[in-house]
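Novice: Residue numbers (our numbering): 1 to 390.
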């Protein structure tokens with residue numbers, strides 16, 4: 001026997017079929033839309049309006065967050081906190097209950113609650129504190145020193161006024177939190193230290209004035225530098241003086257070996273040679289009249305022989321007239337010697353002045369060395385008292 005099975009197939013709708021089905025339910029869609037629109041309009045009209053006033057507060061790391069010792073080494077200070085940590089700490093102060101309570105006291109509960117304030121004064125204050133706690137918003141941003149503050153209220157003017165009062169009371173509370181409770185005692189101690197510091201300054205200034213010192217360290221350094229310069233110059237001048245003295249001695253030795261005068265011109269005595277020439281001339285004249293054996297010729301020959309024998313002795317020629325004058329070499333050496341002597345005397349005088357300056361500088365250095373312990377004591381007292389006053 002054959003069995004027949006039936007299968008239900010879901011209808012397949014196209015886009016046109018869907019649009020047709022929607023138009024068939026158009027009335028129902030309009031009713032639903034109107035109902036939703038009416039409910040939304042009613043909710044919007046009946047919803048309570050609120051306004052939010054916002055502000056930003058920069059909370060940087062000030063001296064309150066850095067430890068500074070009052071005594072001892074003052075440069076050992078702790079590192080300030082990070083910006084986010086400081087902002088979070090300041091945000092805790094800004095959103096604290098004390099700031100809210102001070103705001104309620106400063107403005108009054110009626111200003112915070114507005115025209116709907118009801119109940120006794122205590123009830124209004126509690127309601128205002130509650131409203132302030134619910135409407136105030138305090139937030140920080142990571143790695144930022146900016147604190148965002150906001151307050152929400154039904155009136156924009158009231159929201160801004162309350163927010164300004166909150167920030168103002170925060171600043172007052174912040175000063176109270178970081179106020180030094182021991183200020184009067186520290187003030188008295190500071191005044192005592194300032195008095196002692198004034199006395200120390202007066203004593204130190206009198207010490208410097210009495211010893212003709214402007215600044216001890218500068219005076220000592222300047223004196224040392226001046227001494228070094230003067231000492232180096234003294235050594236140089238002493239070497240120059242030795243050189244000038246040796247040069248002067250050499251010139252004097254050369255001058256001693258040079259004659260002061262020299263022969264400028266001299267005329268020789270040659271009369272014997274002239275007589276021989278004259279006699280020979282006369283002999284030639286006689287030979288014109290006489291023979292060589294004649295007596296006059298023999299007499300002249302005898303006289304010529306005698307003169308020639310006299311000339312042969314070497315004593316016939318000599319200086320007949322000598323002209324002398326100053327030696328140019330002697331004069332030049334003498335002039336150089338005079339200049340060298342003047343240079344030597346100038347260097348000797350300069351060396352004497354420098355040695356006197358060195359003695360004065362040594363005495364001044366010795367005096368400063370004796371005063372150094374006193375200066376260290378007075379200056380140390382001033383530094384200690386100055387550190388205490390800071």
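Glycine residues also receive a C-beta, built at the ideal position from the N, C-alpha and C atoms.
Going by C-alpha to C-alpha distance, which of 55, 207, 193 and 260 sits closest to residue 328?
Specialist: Translated into positions along the chain shown, residue 328 becomes position 328. It is 260 whose Cα lies nearest to the Cα of residue 328.
Novice: For residue 292, is the classification buried or exposed, using 16 other Cβ atoms within 10 angstroms of its Cβ as the cut-off for buried?
Specialist: For the purposes of this step, residue 292 is identified with residue 292 of the chain shown, where counting begins at 1. Sixteen is the threshold: since fewer than 16 other Cβ atoms of the shown chains lie within 10 Å of the Cβ of residue 292, the residue is exposed.
Novice: Is the beta carbon of residue 342 less than 7 Å from the beta carbon of residue 248?
Specialist: Stepping through the chain shown from its first residue, residue 342 is reached at position 342. Stepping through the chain shown from its first residue, residue 248 is reached at position 248. No; because the gap between Cβ atoms is not below 7 Å, this pair is not in contact.
Novice: Is residue 142 close to the ligand GTP? I mean its beta-carbon at under 6 Å from any heavy atom of the ligand.
Specialist: With respect to the ligand GTP, the structure offers nothing, as it holds no ligand at all.
Novice: According to DSSP, residue 144 sits in a beta bridge with which residue or residues?
Specialist: As a working mapping, residue 144 is identified with position 144 in the chain shown. None, per the DSSP bridge assignment.
Novice: Please report how far the alpha carbon of residue 243 lies from the alpha carbon of residue 258, in whole angstroms.
Specialist: As a working mapping, residue 243 is identified with position 243 in the chain shown. As a working mapping, residue 258 is identified with position 258 in the chain shown. For the pair residue 243 and residue 258, the Cα-to-Cα distance works out to about 23 Å.
Novice: Look up residue 326 in the DSSP assignment and give the residues it is bridged to.
Specialist: Residue numbering aside, residue 326 sits at position 326 when the chain shown is read from its first letter. Answer by DSSP bridge pairing, in chain order: 261.
Novice: Would residue 100 be called buried (16 or more neighbouring beta carbons within 10 Å of its own) or exposed?
Specialist: In the chain shown, residue 100 corresponds to position 100, counting from 1. Answer is buried; the Cβ neighbour count reaches 16.
Novice: By Cβ distance below 8 Å, which residues in the same chain neighbour residue 386 in space, the five residues on each side in sequence not counted?
Specialist: As a position in the chain shown, residue 386 is number 386, starting the count at 1. Here the set comprises 197.
Novice: Taking 8 Å as the cut-off, does the stretch 224-238 touch the stretch 350-357 (at least 3 CB pairs, one atom from each stretch)?
Specialist: yes
Novice: For the putative contact between residue 162 and residue 149, defined by C-beta atoms under 8 Å, what is the C-beta separation to the nearest angstrom?
Specialist: Taking the first residue of the chain shown as position 1, residue 162 is located at position 162. Taking the first residue of the chain shown as position 1, residue 149 is located at position 149. So it is not a contact: roughly 11 Å between Cβ atoms.
Novice: Let's test the definition: count the other Cβ atoms within 10 Å of the Cβ of residue 256 and tell me whether it reaches 16, buried, or not, exposed.
Specialist: Locating residue 256 in the chain shown gives position 256, counting from the first residue. Classification of residue 256: exposed, given that the 10 Å Cβ count is below 16.
Novice: Can you tell me which of 50, 349 and 364 puts its alpha carbon nearest to the alpha carbon of residue 237?
Specialist: Residue 237 sits at position 237 when you count from the first residue of the chain shown. Cα-wise, what sits closest to residue 237 is 349.
Novice: Evaluate residue 169 with the Cβ neighbour count: other Cβ atoms within 10 Å of its Cβ, from every protein chain shown; 16 or more gives buried, anything less gives exposed.
Specialist: Start at 1 with the first residue of the chain shown, and residue 169 comes out as number 169. Label assigned to residue 169: buried.
Novice: For residue 156 and residue 84, which I take to be in contact (beta-carbon distance under 8 Å), what is that distance rounded to the nearest angstrom?
Specialist: Looking up residue 156 in the chain shown gives position 156. Looking up residue 84 in the chain shown gives position 84. That pair is no contact at about 32 Å.
Novice: For residue 90, count neighbouring Cβ atoms within 10 angstroms of its own Cβ and tell me buried if that reaches 16, exposed if not.
Specialist: Walking along the chain shown from the start, residue 90 turns up at place 90. With 16 or more other Cβ atoms within 10 Å, it is buried.
Novice: For residue 409, collect the residues of the same chain with a Cβ closer than 6 Å to its Cβ; drop the 5 residues on either side in sequence, then sort them by chain order.
Specialist: Given that the chain is displayed from residue 1 to residue 390, the structure contains no residue 409 and the question cannot be resolved.
Novice: Determine, using beta carbons only, whether residue 35 and residue 145 come nearer to each other than 7 Å.
Specialist: Start at 1 with the first residue of the chain shown, and residue 35 comes out as number 35. Start at 1 with the first residue of the chain shown, and residue 145 comes out as number 145. Taking 7 Å as the Cβ cut-off, residue 35 and residue 145 do not qualify as a contacting pair.
Novice: Compare the Cα-Cα distances from residue 114 to each of 122, 127 and 281 and report the closest residue.
Specialist: What you label residue 114 is simply residue 114 of the chain shown in a count that begins at 1. The shortest C-alpha separation from residue 114 is found at 127.
Novice: With DSSP run on the structure shown, which of helix, strand or coil describes residue 120?
Specialist: For the purposes of this step, residue 120 is identified with residue 120 of the chain shown, where counting begins at 1. Of the three classes helix, strand and coil, the one that applies to residue 120 here is coil, per DSSP.
Novice: What are the start and end residues of each continuous alpha helix (DSSP H) run of 4 or more residues lying completely inside the stretch 280-314, in chain order?
Specialist: 295-312
Novice: Between residue 129 and residue 104, which are expected to be in contact by the criterion C-beta below 8 Å, what is the C-beta distance as a whole number of angstroms?
Specialist: The count along the chain shown starts at 1 and reaches residue 129 at position 129. The count along the chain shown starts at 1 and reaches residue 104 at position 104. The C-beta distance from residue 129 to residue 104 rounds to 6 Å, short enough to meet the 8 Å contact threshold.
Novice: Have a look at residue 97 and residue 173 and give me their C-alpha separation to the nearest angstrom.
Specialist: For the purposes of this step, residue 97 is identified with residue 97 of the chain shown, where counting begins at 1. For the purposes of this step, residue 173 is identified with residue 173 of the chain shown, where counting begins at 1. If I take the Cα positions, the gap works out to 11 Å.
Novice: Using C-beta distances below 6 Å, list every residue in its chain close to residue 220, excluding the 5 sequence neighbours before and after it, in chain order.
Specialist: As a position in the chain shown, residue 220 is number 220, starting the count at 1. Same-chain partners within the cutoff: 368.
Novice: Which whole-angstrom value describes the C-beta separation of residue 216 and residue 208, a residue pair presumed to lie in contact below a C-beta threshold of 8 Å?
Specialist: Position 216 of the chain shown, counted from the start, is the residue given in the question as residue 216. Position 208 of the chain shown, counted from the start, is the residue given in the question as residue 208. Residue 216 to residue 208, Cβ: 7 Å. Contact.
Novice: Exposed or buried, residue 360, counting other C-beta atoms within 10 Å across all chains shown (16 or more means buried)?
Specialist: Residue numbering aside, residue 360 sits at position 360 when the chain shown is read from its first letter. When all chains shown are included, residue 360 counts as exposed.
Novice: Out of 42, 158 and 203, which has the shortest C-alpha to C-alpha gap to residue 382?
Specialist: Residue 382 sits at position 382 when you count from the first residue of the chain shown. Of the residues 42, 158 and 203, the one whose Cα lies closest to the Cα of residue 382 is 203.
Novice: Taking the CB atoms as reference points, tell me whether residue 109 and residue 147 lie closer together than 7 Å.
Specialist: Mapped onto the chain shown, residue 109 falls at position 109. Mapped onto the chain shown, residue 147 falls at position 147. Contact check for residue 109 against residue 147 fails: the beta carbons are separated by 7 Å or more.
Novice: In or out: residue 24 buried (at least 16 other Cβ within 10 Å) or exposed?
Specialist: As a first step, residue 24 is located in the chain shown; it is residue number 24 there, counting from the start. With fewer than 16 other Cβ atoms within 10 Å, it is exposed.
Novice: What does the Cβ neighbour count give for residue 19, buried or exposed, with the cut at 16 atoms within 10 Å?
Specialist: Position 19 of the chain shown, counting from 1, holds the residue named residue 19. Residue 19 should be labelled exposed.
Novice: Could you check how far apart the C-beta atoms of residue 333 and residue 254 are, in whole angstroms? I think they sit under 8 Å.
Specialist: Working through the chain shown from its first residue, we reach residue 333 at position 333. Working through the chain shown from its first residue, we reach residue 254 at position 254. Confirmed, about 5 Å.
Novice: With C-beta atoms as the reference, is residue 134 less than 7 Å away from residue 50?
Specialist: As a working mapping, residue 134 is identified with position 134 in the chain shown. As a working mapping, residue 50 is identified with position 50 in the chain shown. It is not a contact, given that the beta carbons lie outside the stated cut-off.
Novice: Among 82, 160, 228 and 93, which residue has its Cα nearest to the Cα of residue 112?
Specialist: Locating residue 112 in the chain shown gives position 112, counting from the first residue. Comparing Cα positions, the closest option is 160.
Novice: Round the Cβ separation of residue 241 and residue 358 to the nearest angstrom and send it over; I've been treating them as touching at under 8 Å.
Specialist: Looking up residue 241 in the chain shown gives position 241. Looking up residue 358 in the chain shown gives position 358. Going by Cβ atoms, the distance from residue 241 to residue 358 rounds to 15 Å, so no, they are not a contact pair.
Novice: Excluding the 5 residues preceding and the 5 following residue 336 in the sequence, name in chain order all residues of the same chain whose CB lies nearer than 7 Å to its CB.
Specialist: Position 336 of the chain shown, counted from the start, is the residue given in the question as residue 336. Within the same chain, residue 336 has close Cβ partners 251.
Novice: Using three-state DSSP, classify residue 355 as helix, strand or coil.
Specialist: Along the chain shown, one-based indexing puts residue 355 at 355. Three-state result, residue 355: helix.
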